[in-house]
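Protein chains in written order, with this note's numbering: chain A, 2 to 360; chain G, 2 to 360; chain P, 996 to 1261; chain F, 996 to 1261; chain L, 2 to 279.
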Amino acid sequence: MTLDVTGLRKSYDGFDFGPVDLSVGGETLAVLGPSGSGKSTFLGAIAGTVTPDAGRVSLDGRPLTGRPIEERRAGIVFQDGALFPHLTARQNISFTGTTDERVEELAERFEIRDALDRRPGALSGGERQRVALARTLAADPDCLLLDEPLSSLDAPTARRLRDELHDLFAALDLPVVYVTHDRRAATVLGDRIAVLRDGRVEQVGPPDEILHRPQSPFVARFTGTDNVLPATVPDGDGASVELRIGDATVEARVEEDVPPDVWACVRPVRVGVSLADSATENGTALRGTVSRVLNEGDDRRVLVSISGTDHTLVASVRDGVDGGPLAPETTVRVSIPPAAIHVIPNTNCPDGSDDVLED
Amino acid sequence: MTLDVTGLRKSYDGFDFGPVDLSVGGETLAVLGPSGSGKSTFLGAIAGTVTPDAGRVSLDGRPLTGRPIEERRAGIVFQDGALFPHLTARQNISFTGTTDERVEELAERFEIRDALDRRPGALSGGERQRVALARTLAADPDCLLLDEPLSSLDAPTARRLRDELHDLFAALDLPVVYVTHDRRAATVLGDRIAVLRDGRVEQVGPPDEILHRPQSPFVARFTGTDNVLPATVPDGDGASVELRIGDATVEARVEEDVPPDVWACVRPVRVGVSLADSATENGTALRGTVSRVLNEGDDRRVLVSISGTDHTLVASVRDGVDGGPLAPETTVRVSIPPAAIHVIPNTNCPDGSDDVLED
Amino acid sequence: MESPTERVAGRFDWLSVTLLLGAVLLCYYLVPLLALVVAQPPGAVFARLTAPAVIGAARTSLLGAGASTLLATAFGLPLAYWLARTDGRLPTLLTAVVVLPLVLPPVVSGMVLLTVVGPNTVVGSAAATAGVPLTRSLAGVALAQTFVASPFVVVTSKAAIEGVDRRLEHAARSLGKRRFTAVRRVTLPLAWPGILAGITLAFARAMGEFGATIMLAYYPRTMPVQIWVSFTTLGLDEAFPIAVVLVGLAVATLVVLETLGTNPLE
Amino acid sequence: MESPTERVAGRFDWLSVTLLLGAVLLCYYLVPLLALVVAQPPGAVFARLTAPAVIGAARTSLLGAGASTLLATAFGLPLAYWLARTDGRLPTLLTAVVVLPLVLPPVVSGMVLLTVVGPNTVVGSAAATAGVPLTRSLAGVALAQTFVASPFVVVTSKAAIEGVDRRLEHAARSLGKRRFTAVRRVTLPLAWPGILAGITLAFARAMGEFGATIMLAYYPRTMPVQIWVSFTTLGLDEAFPIAVVLVGLAVATLVVLETLGTNPLE
Amino acid sequence: LGRGRTSDPPPSVTVLAAGSLNNAFENGLRPRVDARLQVEAHGSAEVARLVAGESKDPDVVALADVALFDGPLHPPWYAEFATNALVVAYDDDDAGGRRLAEAAPDRWYRPLLSGAVSLGRTDPDLDPLGYRTLFVLELASEYYGLETDLREAIPRREQIYPETQLVSQFETGSIDAAVTYRSMAEERGYDYVSLPPEVDLSTPRFADRYATVRYELPSGKLVAGAPISYGGTVRYDAAPVRGVFDRLTNGTYLDEFGFVVPDDYPTYTGDVPDGIAN
Ligand SMILES: Nc1ncnc2c1ncn2[C@@H]1O[C@H](COP(=O)(O)OP(=O)(O)OP(=O)(O)O)[C@@H](O)[C@H]1O
Ligand SMILES: Nc1ncnc2c1ncn2[C@@H]1O[C@H](COP(=O)(O)OP(=O)(O)OP(=O)(O)O)[C@@H](O)[C@H]1O
Ligand SMILES: [Mg+2]
Ligand SMILES: [Mg+2]
C-alpha cells in the first residue's frame, strides 16, 4: 500500500497550500507544522473533503482525485471528531456495520467502554476524540489520516493510546498520515516526519534527522532546537571547526565543508550550565549571565545571556543534575559538546524567526 | 476577587462529580485530571452552563449559583470554542462591543490577525481556539475559566501563548481556573494545581508540591512519577531510611516518620542508568536489565527490570549524558539519589494503577 | 444569602416573556376552536361519529391526506435535499416555484389542475382508461391535496437540511457509505425535527383542504366537503359537529405522528 | 489514467437522482402554472394591471398578507422560541394546537373566527367602537390570514430553533449578553433559513387565502376574492388573467423576501 | 361522465346544482332515484361558469335562474321545474328581528328603513338572490306606494355578504334579517315574513309587473325581473340520466322542501329531445 501525492495545491483567500509531493508506504508519516500551516487541508484533500485546485493523489496506483469520498477508502479522523450527534458512541463506532465484538475490542483498547452508550453531547472532550478514532478504525480503511487524534487527552492517557496506536499501525501495514503538534508523539509514532510551513513541506525525514539535523532554521526552531544563532566560520576545514558567535568561540564537529556564514543550532538539553567556578566540563565553554529561570516541572529552562554577544542561549536543565542553585544574575559557564552543534549553511534559507519566536 | 466553590455536586448517569470545595483568589488554579474526570463539568457549573445538583459558587461573596449565566460575569473558554458560526472571527471577538483597537490588540497577541475576517468554518483548529480565547478576554469578565485553551496549538505557538497568558493573568489579578492536560503549562501557569480524579479533588497545592510530593499514588503517576513501587520500611527512624523493594534495598530521605508499608515514588528523570561496569554513582544503586528503550526525541525512555523484584523502573535518559549505548538486554546499574525518593504511606490510599497504567 | 432584589432579577425570566407574546397567538388559535368545540352538544358530535356519510368522509380524508403526505414526502424530500445541497442561483429560483402553489387560491389551483389531469386531458384520459380516474376519485383527492400541501414538506425540509453540517455527511462517506446511505442515516435524522414539521404541516393542510379538492373531486367526499354540504343543506347546527369530528380526527393523527416521529436527538 | 468504467461510476451522481425525483414534483407544480400563464394572452394580463378593481385588490392583498406575516412573525417567533426551548410535554401539546387552524377548512375557520371577532361579539364591537372594525375591513383580512397562515411561522421556526446548539446561546450569555440579545444575535440568525422558510410559506399562504378571508372580509376585496368574483360574474377568461397577476405579484414579493432575507451564513 | 360508467351498477349520475337546490336533491331526490346520484352544489352563477369553462362536466345542470341558460350557458333546451318566493327571514331571538316581526305583514320595511334592523343580502353581481333582493325592494316601493324608493334607501354595501357567510351570520345571530328564498327559510326553520305575490317574484302571473325592474351585471348584461324559475337540462343523454331528470323535474319532493310547483310545470324551452317531455 502506497499513498502518493503529486503536485497537490489548494488556494484559499489569503492562504496557499502546496504544491506538495509526498509518498507514504506502509509506514507512518507524522506531519508537524504550526497552526494554520495547512495540515488539515492536506488530509482533507486526500480524503476528498477538500477539493484541491491541482495535483493528484493515488493509493496503490488507484487514483483518488476526482472520486467521490466514499470510494477512496481513506479513513480520516477529523480534528474535531465530526461524530454523529444523534447516535451513541457505540452506534458511531459500528456505523459501518462493525460486529459487536470489534466495537467492544476497540472500546477496550481506547478506554471508552463506560462511554459507549452515551451520545456525543454527553461525552467529555477526550472521550469524543477516542470515539472518533475508534469509528475510523472500525471502518477498515485502506489508509489512515489522523488529525491530532490525541490532542484532548491528558498526558498519561495520551501516552497509553500513543503506544496502542504504535502497535496498531505496525500491525496494519497501511499508509498512515498522522498530524500532530506533539513532538514526542511524532518521534515515537512517525517512521518519518514531514514539517509543513505555510502550506509547503519544509523537510521530510526520519525523526532523528528532523530533530537533530534540521535543514533550515525554521525546522530547527519548530522541532525544539531553540538555539539557532548566526555564526561565522573563520576556518572551515576538517571534521572540527571553530564557530564565532559574536566575540565568543565554540568548537563544532561537522560532516561536510561549511560556508563561512552558518546557523549554529543547539538543542536546549545539550546545553550544559554550571556555576562559573565549578570544574571545566567537556566541550567548548562560554560564559554568561542567567537572565531567567522557568520551572517546567522536571526541567528548568534557563536563559543565559552570553558574554561578548547579544545572544541568549536556552538551556534545559534537570533538577539535581548539575547541582547548585541557578538564580537570575548568576554568572555561569555554558558548555556545549562539539557533537551537539548542528550547522546549517546560512545562504538562501530565511531565518524563520518570524514564525517561531523565542522566550 | 475570590471564587469560592463549596460542596459542588453534579450527577450524570454513571458519573458523579463532587463534592468539590475550592477557593481561588487572584491567582491561577490549574486543573489537571484524566479525560472524563469532570474538569469541564466543573467549569460549566461555575459558568452556569451546567446546573449543579448541590453546592454553592460565589465570586467575591456574590453568590453565582441559581443566577442566569449572563449575570455571573464568568468568562469561559469552552473546550471546543463554541464560536458563533455565522460571525467572522472579528465579529466573534467584538461580540460584546469591544473597540476595534482592543480587537486588534488581542488579535496581535494571539497571532490571529490574518484570520480576523474569516468565519469559524474557514479557520484552522488552532485559529479557532485562539479566537475563542480572545473573545472571552474581550468581554472583561470577573473571573476566567479556560478549558484546555491551547490544546490544538503546535508546541512553539502554545509555548508563546502560554507565556502571554502568564503575563496577562498576572496583570489581571482575577481568579483564573485553567483546565489543561499539559503538565508543563500547569506548572508554568498555575499558582496552584488541583488534580481531579473521578469528579473529586485528589490534591491541591503549588506545582512543586504536586509534582514532587504527591499525596497518593494516583497523583504521583498522573503527574509524571511513573515509578510508584510498593516498599516496606524495615527500619523507619531518622531522616534516612532503608526501603525494601522486593529483594533490593534503596536508601531514601524522609521528613516524617513513615509506616512500615509505603509507596516509593521516583520521577523517571531522577533515575540514573549506567552500564553495569561503569563507576559507582552517587546514591543507592540497583541492578537490572533493560527491557525496552523508547526514543522520545531529546530523551530516551528506558524500562529496566530490577533484579530480585518483579518491578520495572522507568528512567528518562538524556542523550549523551550517561554515554554509551543502551540496548534491550543490557545489564545496567540503576541509581536513585535518596532525595529523589518520595514516600507515600500505603495505608488507605488505593493504588491508582487502575487509572494510570504503565508502559 | 441572596438579596431579595437579586432574587427577583433572577426570576424575571425572558423565556416567560416569549410565552406571554406567544400566548396571544395561542389564544387566537384556541378561543375560536374552543368556541367551536364547546358550543356543540357532545351528543350531536357523537351522533356524527356513526353517520355513514361522516364515516365515509373521514375515511376519504384520512386516506387522501395520508396518500398526499406520503407522495409529498417521497418526492418532496429528494427535491428538498437537492435544493439544499446544490449551489448557485437555480435552487433559489426553484424554491420560489415550489412556493407558488400556495399563492394560488385553492379553487384556481383546482381549475388549473383540471387543465392538466382533468378527464379530457391526455394524462387524465390515459389514466381513466387504465382504470385510475384522476378526478372524482380518491386519486383526485390525493392529487389536489398534494398540489396544495406538498410545498410545506419541500420548503421546511430544505431549510432543515441546510442546517445540517455537510461535514457530517462527509464523515459518513469517508467511512465508506454511499451518499444515499449517508443522507439516510445522518442528514435526514439530524434534519428530522424540520422534516417532521413539514410533514405535519402538509398533513394538516391536506386534512383541511377544500377549494382544490372540490374542483378535482367533489366525490368521494372529504371531511371539509362533507362539512360544506351539511352546511349548505342543513345549516351550521349540522355542519359544526362534523367540524368537531374533523378536529378530533386531526388531533389524534397529529399525536400519532408526533409520537411515531419523535426527534431521534431527544 | 482513470479507466472509463471508473469515470462513469464517478459521474453517476446520486444528487442527480434526487433531482430526478424532485423534478416530478416540480413538474406537477410547474405544468399547471405554466398552463395557466401561457394560456392568457399577455394583452389581457396587462389590461388587468391597470383595472382599478385589480389594483385595489392587489393593494389589499399585499397589505393584508404583509400585515398578517408581520403579526405571525412578531407573535409566532417568540412562541416558536418558547416551544423549542422548553422541556416537557406541554410544548408538544401546544404545538399540536398551533397546527389545528390548518386542519379546519378555511370556510369553517372563517365562521368560527366570526364567533370571536364578529361585529356582535365583545371583541368585535369594542374594536368597531374604537373605529377599527374587525370585519369587512383590512383588519379583517389580516385577521383571517393570520389565523390561517401564522402556524407556518411557528411550526417551521420551532424546528429551526431546535436545530441551533443551545451551547452557542450559553456562550453568548457567558459573554454577558442578556438572553434576549443572545437569541437575537445568535439563535435567530442561525435558525434563519428555517424562519425564512416559515415566513415565506406564511406569506404565500396569506396571499392565496380565500375561504376564511371571504367570511371575515368580503370587502375590501383581496386578489383571491377578486378572482372569484370575476370568475362567477364574467367567467374564466376574466378570472385567469387576474390569477396570473397574482402569481406575478407573489413571485416578485418572494424574490424580494429571498433577497432581503439572505441566509447570513452563506 | 355518466355515459361511461354503465359497467358498475348502479350507474352514477352527476348533477351540478344551485346551492338552494342542494338540500332538496340530497334529501328529497336522492331516495327517489335508482341511480347513484352525485350532487355538486355551488352558487348558480358559479355552476354556470364552471360548466361553461369546462371545469366541470356534469350529466345534469340545475340552476336557480333560467336567465343563465341564455348565457353563459347555452343549452339547446331546458326545463323549468319549480319556482320559489323571496321572503324576509328574521331572527326571533333578537330585538331587531322582533321589531320586524311586529311590523309584519304590511310594514316590514319600516324597521329596515329606520336602520333598527341589520339586514343581510348577497352580492347582486354574483348571484340571482342578490339582484332579486333589489327587485323585491323596488317592487315593494311601488306596491305599497311609498315615497322613498326602498331600493335606493335600504341597500348599503355593508349588507353584502357571500352566501355562505350570510347564512352563518344569520344563524349565529350577527344579522337580524335576511332576504332569502322561502325554501331555505322552511328547511332551516327560520321565522320569516311572506311578501305579497306582486313583490315576491314567485308568480308567473305577475311576470309583466316583475319585468319593470332591472339590474345591470358587471358584464354589461341587463337582467330584468322575472318569476323565479328553477331550470335544468341534460348534457349527456343516457337512460339513467333521463330517469333522474324525470324525477328531478316531476317530483313531488319539491313541495316538501318549500318550493312551489305551478300546475303547468315543468315547461320546456328549446329543442327538447324526444321522450323527455312526456
Ligand atoms: N474554507 C476555508 N476558507 C478560507 N481559508 C481557509 C479555509 N480552511 C482553512 N483556511 C485557512 O487555511 C489555512 C490552513 O488551514 P488548516 O486548517 O489546513 O491548518 P492546520 O495546519 O490544520 O492548522 P491547525 O493546527 O490550527 O489545525 C489557515 O490559515 C486557515 O485559516
Ligand atoms: N450531559 C452529560 N450526560 C451524561 N454524562 C455526561 C454529560 N456530560 C459529561 N458526562 C460525563 O461526565 C464525565 C465527565 O465529563 P467532563 O466533560 O467533565 O470530563 P473532562 O474532565 O472535561 O474530560 P476531557 O478531558 O476528556 O474533556 C464523563 O465521563 C462524561 O462522559
Ligand atoms: Mg488543523
Ligand atoms: Mg473536558
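No residue lacks a Cβ here, since even glycine has one placed at the ideal position from N, Cα and C. In this text, all values refer to a predicted model and were calculated from it rather than measured experimentally.
By the Cβ-count criterion, F219 of chain G is buried, with 16 or more other Cβ atoms from all chains shown falling within 10 Å of its own Cβ.
Taking A104 of chain L as the centre and dropping the five residues before and after it, the same chain places the C-beta of R111 and P112 closer than 6 Å to its C-beta, in chain order.
The three-state secondary structure of R302 of chain A, taken from DSSP, is strand. Ligand 3 has no heavy atom closer than 7 Å to the beta-carbon of K1153 of chain P. DSSP assignment within the stretch 32-95 of chain L yields the following whole alpha helix (DSSP H) runs of 4 residues or more, N-terminal first: 45-53.
Listed in chain order, the non-local C-beta contacts of Q39 of chain L below 6 Å within the same chain comprise S13 and T15, local neighbours out to five positions each way being set aside.
At a threshold of 7 Å, D58 of chain L does not count as near ligand 1, since its beta carbon sits no closer than that to any of the ligand's heavy atoms. The Cβ atoms of V1094 of chain P and V1148 of chain P do not sit closer than 8 Å to each other. Here P77 of chain L is exposed: its Cβ has fewer than 16 other Cβ atoms, across all protein chains shown, within 10 Å. In the same chain as F260 of chain L, and ignoring 5 residues on each side of it, the C-beta atoms closer than 6 Å to its own belong to A83, N85 and S184, in chain order. With a cutoff of 8 Å on beta-carbon distance, F1235 of chain F and W1223 of chain F are scored as not near each other.
For S41 of chain G, the shortest C-beta to heavy atom distance toward ligand 4 is below 7 Å. Not one heavy atom of ligand 1 sits closer than 7 Å to the Cβ of E1233 of chain F.
Secondary structure of I1222 of chain P (DSSP, three-state): helix.
Only residues of its own chain outside the window of five on either side were considered, and among them A116 have a CB closer than 6 Å to the CB of L124 of chain A, listed in chain order. Inside the stretch 106-167 of chain L, DSSP marks whole alpha helix (DSSP H) runs of 4 or more residues at positions 110-115, 129-145 and 151-154, from first to last along the chain. The C-alpha of S203 of chain L lies about 15 Å from the C-alpha of L255 of chain L. Ligand 1 approaches F16 of chain A closely enough that one of its heavy atoms is under 7 Å from the residue's Cβ. Annotation: M1202 of chain P has no Cβ neighbours in chain L at a cutoff of 8 Å; minimum Cβ distance is about 20 Å.
Listed in chain order, the positions of the stretch 158-169 of chain L with a beta carbon within less than 9 Å of a beta carbon of chain P are E164, T165, V168 and S169. Distances taken from the Cβ of Q80 of chain G to the heavy atoms of ligand 4 include one shorter than 7 Å. The beta carbon of Y1076 of chain P lies closer than 7 Å to those of I1156 and V1178 in the same chain, with the five residues before and after it left out. Secondary structure within the stretch 38-73 of chain A: the beta strand (DSSP E) runs of 3 or more consecutive residues, fully enclosed, are 55-60 (chain order). Secondary structure of F16 of chain A (DSSP, three-state): strand.
Counting of Cβ neighbours within 10 angstroms places R293 of chain A among the exposed residues, the total staying below 16.
Contact of N28 of chain L with chain P by beta-carbon distance below 8 Å involves T1228. At a cut-off of 8 Å between beta-carbon atoms, V1181 of chain P makes contact with chain A. The C-beta distance from I47 of chain A to L30 of chain A rounds to 11 Å, too long to meet the 8 Å contact threshold. Bounds of any beta strand (DSSP E) do not take in H167 of chain G; it lies within the alpha helix (DSSP H) bounded by A156 to L173. The alpha carbon of R288 of chain A has as its nearest neighbour, out of A:V78, A:V333 and A:E72, the alpha carbon of A:V333. The C-beta of P1184 of chain F comes closer than 8 Å to at least one C-beta of chain G. Close to chain P, meaning a Cβ-Cβ distance shorter than 8 Å, are the following residues of the stretch 169-194 of chain L: S169, E172, T173, E188 and R189. Under the DSSP assignment, G1135 of chain P falls in the alpha helix (DSSP H) whose first and last residues are L1133 to E1157.
A straight line joining the alpha-carbon of F1175 of chain F with that of R1168 of chain F spans about 9 Å. Taking the Cβ atoms as the reference, G200 of chain G lies roughly 21 Å from D81 of chain G, outside the contact range of under 8 Å. DSSP lists A:V229 and A:H343 as the beta-bridge partner residues of C266 of chain A.
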